[in-house]
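Q: In terms of mature numbering (1 follows the signal peptide of the UniProt record, and there is no 0), the sequence shown is residues -31 to -1, 1 to 724. All C-beta atoms in this analysis are idealised placements derived from N, C-alpha and C, irrespective of residue type, glycine included.
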Amino acid sequence: MHTMRQRVAGGTILGLAFAGVTAVGALPAQAADPVDIQILATNDFHGRIQANGSEAGAAVLAGAVEQLRAANPNTVFAAAGDLIGASTFESFIQHDRPTIAALNEAGLDVSAVGNHELDQGYTDLVERVMAPYDAQTNPYGGAEWQYVAANLKMRATGEDAVPASWLKDFGDVQVGFVGAVTEELPSLVSPGGIAELEVASIVDTANAEADALVAEGADVVVLLVHDGAETTQCASMPTADNAFAQVVNELSPEVDAIVSGHTHLAYDCAFPVDEWAGRAVTERPVVSAGQYGYNLNQLVFSVDPDSGDVVGLDTAILPLAGNYPADTEVAGIVSKAVADAEVLGAQPLGQIEGAFNRAKLASGSENRGGESTLGNLVAEVQRWATSGAESGAAQIAFMNPGGLRADMTGTGTGSPRTLTYKQAAVVQPFANTLVNMRLTGAQIESVLEEQWQPAGASRPFLRLGVSEGFEYTFDPAGAAGDRITSMTLDGAPITADATYSVTVNSFLSTGGDNFFTLAEGTDKRDTGKIDLAAMVDYLAEFAADAPLPVDYSQRAVGVSFPAGAPASYVAGDTVAFDVSSWSMSTPADVKDAALTVSLDGEVLGTFPVTTTPGSTVDDLIGTASVSVKLPADVAAGTAELTLAGASTGTEVTVPVEVVVPEWQRGTVYTEGDQVMYQGRLFEAMWWTKEVPGKSVWGSWQEIATTADGTAVWTPSRVFVAGDVVEHEGVTYTAKWWTRNQEPGASKWGPWERTS
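(1) Determine whether the beta carbon atoms of Pro108 and Val303 lie at a separation below 9 Å.
(2) What's the gap between the Cα of Val158 and the Cα of Ser478?
(3) According to DSSP, simplified to helix, strand and coil, what is Lys305?
(4) Pick from Val191, Ser554, Glu695 and Val544: whose alpha carbon is nearest that of Glu178?
(5) Enumerate, from N- to C-terminal direction, the unbroken beta strand (DSSP E) stretches of 3 or more residues contained entirely within the region 583 to 629.
(6) Would you say Thr44 and Leu9 are within 9 Å of each other, going by their C-beta atoms?
(7) Okay, do the region 567 to 582 and the region 479 to 491 touch, 3+ Cβ pairs below 8 Å being the bar?
(8) If you reduce the DSSP assignment to three classes, tell me which class Phe399 lands in.
(9) From Asp602 to Gln320, what does the alpha carbon distance come to, in whole angstroms?
(10) In the structure shown, what three-state DSSP assignment does Trp632 receive?
(11) Could you round the C-beta distance between Val539 and Val623 to whole angstroms and report it? I think they count as a contact, below 8 Å.
(12) So Ser522 packs on Thr592, CB below 8 Å; how close in whole Å?
(13) Within the region 391 to 445, note down every full alpha helix (DSSP H) run reaching 4 residues or more, in order along the chain.
(14) From what residue to what residue does the beta strand (DSSP E) around Leu568 run?
(15) Who are the near neighbours of Ala175 in its chain, counting only those whose CB is closer than 6 Å to its CB and skipping five residues on each side?
(16) So, for Lys598: in the same chain, excluding its five sequence neighbours on each side, which residues have a beta-carbon less than 6 Å away from its beta-carbon?
(17) Given a threshold of 16 other Cβ atoms within 10 Å of its Cβ, counted over all protein chains shown, does Arg686 qualify as buried or as exposed?
(18) How would you label Arg327, buried or exposed, when you count the other beta carbons within 10 angstroms and need 16 or more for buried?
(19) Between the C-alpha atoms of Thr297 and Gly314, what's the straight-line distance to the nearest angstrom?
(20) Let's test the definition: count the other Cβ atoms within 10 Å of the Cβ of Thr607 and tell me whether it reaches 16, buried, or not, exposed.
(21) Run through DSSP, which three-state label would Thr174 get?
(22) Would you tell me roughly how many angstroms separate the C-alpha atoms of Tyr441 and Asp547, rounded to the nearest one?
(23) What did DSSP end up calling Ile163 once you bin it into helix, strand or coil?
(24) Assess contact between the region 682 to 700 and the region 651 to 671, defined as three or more Cβ pairs (one per stretch) separated by less than 8 Å. Is contact present?
(25) Is Ala212 near Gly425, with beta carbons less than 9 Å apart?
(26) Assign Arg461 to one of three DSSP states: helix, strand, or coil.
(27) For Gly678, count neighbouring Cβ atoms within 10 angstroms of its own Cβ and tell me buried if that reaches 16, exposed if not.
(28) Using the Cα positions of Arg722 and Met654, report the straight-line distance between them to the nearest angstrom.
(29) Please state whether DSSP places Glu223 in a helix, a strand or coil.
(30) Can you tell which of Asp587, Phe443 and Gly574 has the C-alpha that lies nearest to the C-alpha of Ala331?
(31) Decide yes or no for the touch test of the region 456 to 468 against the region 400 to 419: beta carbon pairs closer than 8 Å, at least 3 of them.
(32) Residues in its own chain within less than 6 Å of Ala1 by CB, not counting five upstream and five downstream?
(33) Out of curiosity, what's the CA-to-CA distance linking Ser596 and Met645?
(34) In the DSSP assignment, find the alpha helix (DSSP H) that holds Thr201 and state where it starts and stops.
(35) Under three-state DSSP, which class holds Met504?
(36) If you draw a straight line from the alpha carbon of Met406 to that of Gly186, how long is it in whole angstroms?
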């Protein structure tokens, strides 16, 4: 029980003490009826102002709030963040002003700050979004609700970056709201945009602010937190290994409910609070409305106005589409926004041969762990846009999958298709600039290793889009930090200590999405080019006269050798390994039914590829089991096995080390066979079972070379006219056929000194 919730009861006791004995026979005062306080909550609206299936749209959202508020005037309309940012085109193209205006009209009271509220940085949030609307000086801002975030602090002073909490007075009952944003914020927005901020512990700051609200008179305290559960299974929430589980488990008993978001899941859970044992309500609700205006969370607290105690609690998830009327004022705001956006977005940019898709899971939902035609296209666009010397002469570009907010499908389903400005714009709504930098080959490898995200991250794997010409292989079963097995640029191996010109968007350039190595790049330059503008320019160059083809080839392919596989092979050995990530995951994408393996143009085998979509957030779609026999005449050294797919154009090389076999007693060898014996290399001159090195005139000749490939004279080796050898640091050229005649031994011999 909150200490302040006893304030009225304490006053009554004091009054009886002054009344003395006359109070003994007085009738007790009749208890006041409980006051029902209704909280209506949304989260992750992301500018979905138009109705679209389960997305009810802003007008119905507002209509639902209006209807429910009319039934209970003691209502707060609250949100858990991400109301703006990553919005649909109609809102995005107008800097989310339509969303702000619609939520103002809907009567939104308070919201946590979400990571997308900070897409354009802290200054944009406080000086545009939260600042009063003005047609001349602030035409795209003017949020009339209060943003709150107790764990968002000014780095220099430790003061609140935005208000930590908000208090609503209903007369007999006061309700406080504490805000918080995910502790992963620095990896989710451009770090440069929040450089002046520090993200503190959700639990510590929320608990402290809850105490302050209770001291101020709050009877009910609600945490609005832009963080959430990774599953809708209530039982797993407290046991998960993430920051949200800490919130569920360690939040102060002064907090009566947790309204969450960020993970776009709808749930209505409740968990016991030890300190509440014996109360009318013993479990604290943990709720989320999902995403995009699908639902509202409804929480109704019955509060004793005398004691301030919560004596009853009901919660529900209210689906919106088809269940509530549209608010006419908000409908007008949306209609105008749509009309304005149509004018802005109808301009054709060019033609495409087919859809450029994001990666998909078997369910059809987005898979940020998969390679995609769209991700690779955007990366290539950004490399091309910064390939000039003035922009850094980019050789490689990477694109984060979270920056791709829609597929780029064009108009219609055939080929070619017209692509409009709107259809391109909704793909990248964040207006990031392109940043060029220098990275070493070792740093590029680190960037690729960082696709496997840190423990506790909301998404365990993020597959980067990669520009044309850059390819790599990886071992999905490899140890953390050691999964990348090869990298090439235009067919040449990436060298660890060489420097390369790399372009990424401004979000990634400062280490966003936990790609920390990108923050360490040198010679950084903000090119000033906007990601969307780069796409517009690229389409004007490559899609104006002929449709832009879809590139279905994979830039990243998984190659896993079985446990116990040898480090090297000899001619005739069987080489076996598994291939993964050979296919794009969207059903409409072109896929290979098989892949071929060849060596120096000789096909060693063809193997079927399985392309069943997966249900896990990874990039393993397109699997094959390869088993090939090395040719008997394969040379020692690195043999490059070439894997190729005829339909997609995917082609990667898998290097295997080929060594000379050890001599085996009893084995028959023929002319040209090479063996190792006692650490020395021998070559058979004719049919033999003889021990190598037994006689300088025997069936074996010893082969030795210097580091630069020059032959080293050995007594048993046959040399012919013109052969160059090195002996005791001196170079000689053979004048005729010779064997077992030492260079320099006689000036009349078969050798002529040449150095």
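A: Reading off the structure:
(1) no
(2) 11 Å
(3) Residue state, collapsed to three classes: helix.
(4) Val191
(5) 593 to 598, 606 to 613 and 620 to 627
(6) yes
(7) No: the two stretches stay apart, fewer than three of their Cβ pairs being nearer than 8 Å.
(8) Under the three-state reduction of DSSP, Phe399 is assigned to coil, being neither helix nor strand.
(9) 50 Å
(10) It is coil, neither helix nor strand.
(11) With a Cβ gap of about 17 Å, Val539 and Val623 do not count as contacting.
(12) About 17 Å separates the two Cβ atoms, so there is no contact after all.
(13) 410 to 418
(14) Ala563 to Leu568
(15) Ala119, Val147, Ala149 and Leu192
(16) Thr543
(17) Burial call: buried.
(18) Here Arg327 is buried, its C-beta having at least 16 other C-beta atoms within 10 Å.
(19) Cα atoms of Thr297 and Gly314: separation of roughly 25 Å, rounded to the nearest angstrom.
(20) exposed
(21) helix
(22) It is roughly 16 Å from the alpha-carbon of Tyr441 to the alpha-carbon of Asp547.
(23) DSSP places Ile163 in helix when its eight states are reduced to three.
(24) yes
(25) Contact annotation: Ala212 and Gly425 have beta-carbon atoms nearer than 9 Å.
(26) Going by the sequence as given, residue 461 is Ala instead of Arg. The answer is strand: DSSP assigns Ala461 an E or B state.
(27) exposed
(28) Cα-Cα distance, rounded: 27 Å.
(29) When secondary structure is reduced to three states using DSSP, Glu223 falls in the coil class, being assigned neither helix nor strand.
(30) Asp587
(31) yes
(32) Pro274 and Asp275
(33) 26 Å
(34) Per DSSP, Thr201 belongs to no alpha helix (DSSP H) and is neither H nor E.
(35) Met504 falls in the helix class under three-state DSSP.
(36) C-alpha of Met406 to C-alpha of Gly186: approximately 54 Å in a straight line.
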